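To start, the structure itself, in structure tokens.
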Amino acid sequence: MRTVPAAEMGGCRVLGQVWGGWRRGPGVRTASRAAGSGTEARHQLRHRGSSKRSGPLGDQPFPGLLQLEHLSREGLVDALRAAVVDQKGPLVTLNKPPGLPVTGKPGELTLFSVLPELSQSLGLRDRELHVVQASGKETSGLVLLSSCPQTASHLQKFFIYSRRARRPTATYWAITDGIPATSEGNIQAALKLEHIDGVDLVIPVKSPSRKDFQEGVKRTLSHFHVVAMGSGCALVQLQPLTVFPSQLQVHMVLQLCPVLGDHTYSARVGTVLGQRFLLPAESTKPQRQVPDEALLRRLRLTPSQAAQLPLHLHLHCLHLPGMRPREAPMKLLAPLPPYFSRSLQCLGLHQQ
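The sequence shown runs -5 to 346 under our numbering.
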């Protein structure tokens, strides 16, 4: 199994879902029956968020989350069937909820561990599903699977070429605690992965040497565009042009605007007399993100609820080439999770 990034093209045909609900192209098969089967999955994963402002909060302020610790293998397969946004030919597209790892240790419940059962559930029989592209564990959004090794190889070559040509194929949406200083631009940083106190953390490297690059430091690049702002927060469109673990979260921290729900890297942003600054990454331990009182009120959350705030980073769009000669490129879309939409409503942020 390999995961690869993806790149942006013009003149695309749209498959899958759009912001307001389901959209199916001709010949597209979806797992609509799965939405009505499996009580366990039905309660674990809900596709439709409310378009109205949320009422008083109860015990579940974050609708649409997958409680993986309460799911069996069968329940996870049901939830993934219900999360299918498109199935056409060998390609299967899911809208993954946050908290589900793609891979893990033997015996752990992951997307990869249930691919054989998911393949059977989707009627693929003995055709093995391969992960072509996936959002990270804490990130919600698109997962692209293929039951054809040749198709997977074709897409991998396309993604590699697009990355070398600096053409983005993946578009993420993020809500940030803070507003970037400019409305649009590129974020460049040299990053390395370090094991600190038993945790793998991404650390920025200033003025890296040739030796640093030989030892695993990578140059990274992301493009950002502020779509909306208000209440001290922003809705930001992010397009990674390189691939590195937690690249987007770390890049937004470097802009002093951590992603809402980032309980790993947001502690690196300090505040004195209302002015934000970066704390040393090597000596700043991960801790729960603590929004200020004004932001808590806007989100209608208690401090204990805010400690469980999910990461508001969503892989919304993937651009793919046509699978046959002269076939138009494809644009895959996944709608925002209900809790993400709720936060947008609470903060008065509106996507274009």
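Don't be surprised by glycine CBs; every beta carbon is placed ideally from N, CA and C.
Computed from a predicted structure; not experimentally measured.
Any non-hydrogen atom of the ligand SAM within 7 Å of residue i CB
i: A275; result: Looking for the ligand SAM in the displayed structure turns up nothing, as the structure carries no ligands at all.
Opposing strand residues paired with residue i [DSSP bridges]
i: V125; result: L139
i: R213; result: A184
i: F218; result: G179, L232
i: S134; result: H308
i: K82; result: L85
i: G224; result: C227
i: H189; result: D194
i: V253; result: T170
N-terminal and C-terminal residue of the alpha helix (DSSP H) that residue i is part of
i: G69; result: 67 to 76
i: V193; result: Element bounds for V193: not the alpha helix (DSSP H) but the beta strand (DSSP E), 193 to 199.
i: K205; result: 204 to 208
i: F56; result: That residue, F56, is in no alpha helix (DSSP H); it is neither H nor E in DSSP.
i: C340; result: 332 to 341
i: E111; result: 109 to 115
i: V351; result: The chain is shown only over -5 to 346; residue 351 falls outside these bounds and no answer can be derived.
The beta strand (DSSP E) enclosing residue i, as first and last residue numbers
i: Y166; result: 164 to 171
i: L85; result: 85 to 90
Whole-angstrom distance between residue j and residue i, CA atom to CA atom
i: P332; j: T165; result: 19 Å
i: L109; j: G264; result: 42 Å
i: L103; j: Q302; result: 21 Å
i: A228; j: L289; result: 12 Å
i: D72; j: D171; result: 34 Å
i: Q87; j: V125; result: The sequence given here has Thr at residue 87, not Gln. Those two C-alpha atoms are separated by around 10 Å.
i: T423; j: V247; result: Residue 423 lies beyond the residue range present for the chain, which begins at -5 and ends at 346; the question has no answer from this structure.
i: Q249; j: W167; result: 16 Å
i: T133; j: Q281; result: 18 Å
i: R348; j: P84; result: A question about residue 348 goes unanswered here, because the residues of the chain that appear run from -5 up to 346.
i: S201; j: E111; result: 48 Å
i: T278; j: Q144; result: 45 Å
i: L185; j: G117; result: 42 Å
i: Q81; j: P315; result: 16 Å
i: F334; j: C311; result: 16 Å
i: L123; j: L105; result: 11 Å
i: L267; j: H245; result: 24 Å
i: A322; j: R75; result: 27 Å
Contact between the region 137 to 153 and the region 174 to 188: three or more CB pairs below 8 Å? The region 137 to 153 makes no contact with the region 174 to 188, as fewer than three CB pairs between them are under 8 Å.
Length at least 3, wholly inside the region 300 to 327: the beta strand (DSSP E) runs in chain order: Segments of the beta strand (DSSP E) lying fully in the region 300 to 327: 307 to 314, 324 to 327.
Secondary structure, beta strand (DSSP E): runs of 3+ residues fully inside the region 262 to 295: Counting only runs of 3 or more, we get 263 to 266, 269 to 272.
With a cut-off of 8 Å, do at least 3 Cβ pairs link the region 236 to 247 to the region 256 to 276? For the pair of segments examined, the region 236 to 247 was found to touch the region 256 to 276: the number of CB pairs separated by less than 8 Å reaches three.
Could you tell me whether the region 265 to 273 touches the region 224 to 234, where touching means 3 or more Cβ pairs closer than 8 Å? The region 265 to 273 and the region 224 to 234 do not touch, with fewer than 3 CB-CB distances between them shorter than 8 Å.
Hey, is the region 193 to 206 in contact with the region 149 to 157, meaning 3+ C-beta pairs nearer than 8 Å? By the Cβ criterion, the region 193 to 206 is not in contact with the region 149 to 157, since fewer than three pairs of Cβ atoms, one from each stretch, lie closer than 8 Å.
I want to know whether the region 218 to 226 touches the region 332 to 342 - three or more CB-CB distances under 8 Å. Taking 8 Å as the limit for Cβ pairs, the verdict is that the region 332 to 342 does touch the region 218 to 226.
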